[in-house]
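Asker:
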Amino acid sequence: MPPRYRYEQIADDLAERIASGEFQPGSKLPSRRELIEHYGVTEPVIDRAMQVLRIKGMTETLPGVGVFVAE
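Going by my numbering, the residue at position 61 of the sequence shown is 64; the numbering climbs one at a time, nothing skipped.
1) Starting from residue 40 and walking both ways along the alpha helix (DSSP H), at which residues does that stretch end?
2) Taking 9 angstroms as the threshold (C-beta atoms), are residue 73 and residue 63 in contact?
3) So residue 48 packs on residue 13, CB below 8 angstroms; how close in whole Å?
4) Is residue 65 helix, strand or coil when you go by DSSP?
5) Tell me, please, whether the CB atom of residue 36 is closer than 9 angstroms to any CB atom in chain D?
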C-alpha cells in the first residue's frame, strides 16, 4: 500500500469512529483544538481531514458553531 497523507489517516480514523457509533448522528465532533492535540498535528491537517469527511457527506459544518455528524 502506498504511503498516505496524515489528513487521510485522520479522516479515516474519524470515519471509523462515526461508523462505530462513538459519534452519533447529530452529535458535535471534538473541537479543532482538541483534534489538534489528540492527533498531534497542525490546524491545516485537521481542516483537510474535516474537508474529506464533509465531501463524503459524513459531517456538516455550521460556521462558528462546530462540525456535526450528518443525520
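We treat Cβ as the ideally placed atom computed from N, Cα and C, and that holds for glycine.
Answerer: A quick look at the data gives this:
1) 35–42
2) yes
3) 7 angstroms
4) Correct three-state label for residue 65: strand.
5) The structure shown has no chain D; it contains just one protein chain.
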